[in-house]
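Enquirer: Counting with my numbering, you get residues -14 to 442 for the letters of the sequence shown.
Just so you know, even glycine gets a beta-carbon here, dropped at the ideal spot from N, CA and C.
Remember, predicted model here, so these are calculated numbers, not experimental data.
What follows is a structure written as structure tokens; I'll ask about it next.
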Amino acid sequence: MERKTIREVTQKITLPTDVRYICDKLENAGYEAYAVGGCVRDSLLGVTPKDWDITTSALPEDVKKIFGRTIDTGLQHGTVTVMRGGTGYEVTTYRIDGDYGDGRHPDNVRFTSKLEEDLCRRDFTINAMAYNERDGLVDLFGGCEDLEKGIIRSVGRAEERFGEDALRMMRAIRFSARLGFAIDDEIIRAIDKLHDNLKAVSAERITTELIGIICSDHPDRIRIAYETGLTSVFFPEFDKAMETPQKHIHHKYDVGDHIIESMKSIAPDKVRRLSMLLHDIGKPETLRIDENGITHFKGHCEVGAEMGRQILRRWKLDNNTVDSVVKMIRYHDYGNDLKPTPKNVRRAIAKIGKDLYPMYIEVKHADTLAQSDYMKEEKLAELKEWKMLYDEIISKGECVEIRDLAIGGNDLMEEGFKPGPEIGRILNELLKEVIDDPAMNTKEILISRAKSISNEK
């Protein structure tokens, strides 16, 4: 086997003490052992790896004999976790994968004593490099050169790699987005041909890759998923958005491009990026073109909120994420026709919530940046006022939620109100009045108003 050692590159790789210990102990027992995959790639890029994986010629039972504390992580696939202190390191035997009957997992694996046969089964060249301190960098497929060129290439034929595991098509785009790399033309052609195979992959796995794409420095790479047909499998609503025109003085992009641009203008966390990805997803369903060719999308926020909930559920996202994103979709246009006054801001906080209001401002800010230049500066200036007033209201402790009221249900019951839905109704009415006039938020005034509200029923 030809081993390519690049001194100036491998100087960037420093094996952690535990990894070096595991490799040394395996080698002293007569076996080969290397750090492999993502940890080597990240080290060469000057990034501290999150995890270190080790590949070895030792069989799983040999690994278990050599190390005292191990966990049987996936013996059928040759993986044993070696514990060092409180940290586990996956040690996997060199293997050759069998057929991928389900288009996702090998039906069986066969262990081998040859490192090159193990590296041959990996997805991309940048993930198919191995390293130890004895041999240096083992780079059989030009992964190091591809890192330097900034390109994602497959190990062997792309169609064969994607035919084995359809999720690799999404992974190619995720690596492109994460690293800012171009994708090799052969990979693009293979995805375009095999995109329907993604139907065999679970929603959870697809969602993980999608989140990785949109939460990167290059969320616009989702366009590649659209152009190659992948989104037609797991996100057909996005395809409609990409094909929906937006001809209006406030916009310079069609709906899909506006969505992509807006994602680039907000912090790269899951809820914020999902909010921008879905904030206008209801527009294709509400499109109306008037006699002058101007597009209108009346009701798209409410329609989009319900669509967004269905999409996020389909993607198996947690309840907190779903609820937060849906609220951003529903209210992202709220306040567009209102002036930033204390009363209007208190009303907005009551609708959106104290905790989510700052994100609502960020969403509107990103939305505005992705619009046309028409009145953009005025819109951004008003957003600053909405945020400034929020800060003042919170610092003063003004009432914007039922729990901020000077009275609660127990106080009303002490005044003779019967337990039940009526108390909730009264408290909600009181909240509306206090939001409009914070000076009303005293126990005496609210008790008096509660009695009046009850009598008005």
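Less than 7 angstroms between C-beta atoms, sequence neighbours within five positions excluded: which residues of the same chain meet that for glutamate 383?
Expert: Once the five neighbours on either side are set aside, the close Cβ partners of glutamate 383 are Arg331 and Pro423.
Enquirer: Quick check on the DSSP output: what are the complete alpha helix (DSSP H) runs of length 4 or more inside the segment 83 to 168, in order along the chain?
Expert: Qualifying alpha helix (DSSP H) stretches, in chain order: 100 to 104, 128 to 134, 143 to 149 and 152 to 164.
Enquirer: What did DSSP end up calling valine 385 once you bin it into helix, strand or coil?
Expert: Here valine 385 sits in coil by DSSP.
Enquirer: Does the Cβ of leucine 30 have 16 or more other Cβ atoms within 10 Å, making it buried, or fewer, making it exposed?
Expert: Result: exposed.
Enquirer: Pull the bridge partners of tyrosine 19 from the DSSP assignment, please.
Expert: Thr40.
Enquirer: Indicate the three-state DSSP secondary structure (helix, strand or coil) for isoleucine -2 in the structure shown.
Expert: Residue state, collapsed to three classes: coil.
Enquirer: Is the Cβ-Cβ distance between valine 48 and threonine 41 less than 8 angstroms?
Expert: Yes.
Enquirer: Can you tell which of Val94, Asp82 and Asp57 has the C-alpha that lies nearest to the C-alpha of glutamate 76?
Expert: Reading off the sequence, residue 76 comes out as valine, not glutamate. When each option's Cα is compared against that of valine 76, the closest is Asp57.
Enquirer: Just reading off the alpha helix (DSSP H) that isoleucine 234 is part of, what are its end residues?
Expert: No alpha helix (DSSP H) contains isoleucine 234, which DSSP labels as neither H nor E.
Enquirer: Contact between the segment 387 to 395 and the segment 427 to 442 is defined here as three or more beta-carbon pairs at a separation below 8 angstroms; is this criterion met?
Expert: The segment 387 to 395 is in contact with the segment 427 to 442.
Enquirer: Please name the residue in Lys232, Gly405, Ala252 and Val288 whose C-alpha comes closest to that of glutamate 222.
Expert: The option with the nearest alpha carbon to glutamate 222 is Val288.
Enquirer: Taking the continuous beta strand (DSSP E) assigned at threonine 229, which residues delimit it?
Expert: Counting along the chain, threonine 229 falls outside any beta strand (DSSP E), and DSSP gives it neither H nor E.
Enquirer: Hey, quick one: how far does the alpha helix (DSSP H) through glutamate 414 stretch, first residue to last?
Expert: Segment 406 to 421, the alpha helix (DSSP H) holding glutamate 414.
Enquirer: If I measure Cβ to Cβ from serine 380 and keep anything under 7 angstroms in the same chain, skipping five residues before and after, which residues do I get?
Expert: Cβ neighbours of serine 380 beyond the five flanking positions: none.
Enquirer: Determine the burial state of leucine 365: buried for a count of at least 16 other Cβ atoms within 10 Å of its Cβ, exposed for fewer.
Expert: So leucine 365 counts as exposed.
Enquirer: Tell me whether phenylalanine 96 counts as near the ligand PLP, meaning its Cβ is closer than 7 angstroms to at least one heavy atom of that ligand.
Expert: Ligands displayed in this structure: none; no statement on the ligand PLP is therefore possible.
Enquirer: Could you give the C-beta distance for isoleucine 39 and tyrosine 19, rounded to a whole number, given that I count them as a contact under 8 angstroms?
Expert: Isoleucine 39 to tyrosine 19, Cβ: 7 angstroms. Contact.
Enquirer: If glycine 293 sits next to isoleucine 314, beta carbons under 8 angstroms apart, how far is it from one beta carbon to the other, in whole angstroms?
Expert: So it is a contact: roughly 5 angstroms between Cβ atoms.
Enquirer: Compare the beta carbon distance of isoleucine 173 and threonine 213 with 8 angstroms and say whether it is the shorter of the two.
Expert: Their beta carbons are under 8 angstroms apart, which means isoleucine 173 touches threonine 213 by this criterion.
Enquirer: Would isoleucine 244 and alanine 226 qualify as a contact pair, given that the criterion is a beta-carbon distance under 8 angstroms?
Expert: Cβ atoms of isoleucine 244 and alanine 226: closer than 8 angstroms.
Enquirer: Whole angstroms are fine: how far does the CA of phenylalanine 219 sit from the CA of alanine 185?
Expert: Straight-line Cα distance between these residues: approximately 11 angstroms.
Enquirer: Taking the beta carbon of arginine 298 as the centre, do at least 16 other beta carbons fall within 10 Å, making it buried, or is it exposed?
Expert: By the 10 Å Cβ count, arginine 298 comes out exposed.
Enquirer: Quick one, are the C-beta atoms of leucine 263 and valine 307 less than 8 angstroms apart?
Expert: Not closer than 8 angstroms, so no.
Enquirer: Per the DSSP calculation, tyrosine 74 is bridged to which residue(s)?
Expert: In DSSP, tyrosine 74 forms a bridge with Val67.
Enquirer: Could you check if threonine -10 is buried or exposed, using at least 16 other CB atoms within 10 Å of its CB as the buried criterion?
Expert: Any reading at threonine -10 must be qualified, since the residue scores a pLDDT of 42, below 50, and its modelled position is unreliable; the value itself is stated next. Counting Cβ neighbours within 10 Å, threonine -10 comes out exposed, since fewer than 16 surround it.
Enquirer: In its own chain, which residues sit with a C-beta less than 6 angstroms from the C-beta of glutamine 356, not counting the 5 before and 5 after it?
Expert: If we look at glutamine 356 and ignore the five residues flanking it on each side, its Cβ neighbours are His235 and His236.
Enquirer: In whole angstroms, what is the alpha-carbon distance linking arginine 26 and alanine 151?
Expert: Approximately 22 angstroms between the Cα atoms of the pair.
Enquirer: May I ask which residues mark the beginning and end of the beta strand (DSSP E) holding aspartate 57?
Expert: First-last of the beta strand (DSSP E) with aspartate 57: 55 to 59.
Enquirer: Isoleucine 168 and isoleucine 137 - do their beta-carbons sit closer together than 8 angstroms?
Expert: Yes, they are a contact pair.
Enquirer: Where do the ends of the alpha helix (DSSP H) carrying methionine 313 lie?
Expert: That run of the alpha helix (DSSP H) goes 304 to 316.
Enquirer: Measure the C-alpha to C-alpha separation of asparagine 321 and lysine 328 and round it to an integer number of angstroms.
Expert: Rounded to the nearest angstrom, the two C-alpha atoms are 15 angstroms apart.
Enquirer: When you compare only the Cα positions, how much space is there between proline 404 and aspartate 265?
Expert: Each residue's alpha carbon lies about 42 angstroms from the other.
Enquirer: Leaving out five residues before and five after arginine 208 in sequence, what residues of the same chain have Cβ atoms less than 7 angstroms from its Cβ?
Expert: Closer than 7 angstroms at the Cβ level, and outside the excluded window around arginine 208, lie Ile245.
Enquirer: Here's the rule: buried if 16 or more other CB atoms are within 10 angstroms of the residue's CB, otherwise exposed. What is leucine 60?
Expert: Leucine 60 should be labelled exposed.
Enquirer: Pick from Ala333, His180 and Gly338: whose alpha carbon is nearest that of arginine 146?
Expert: Closest option to arginine 146, Cα to Cα, is His180.
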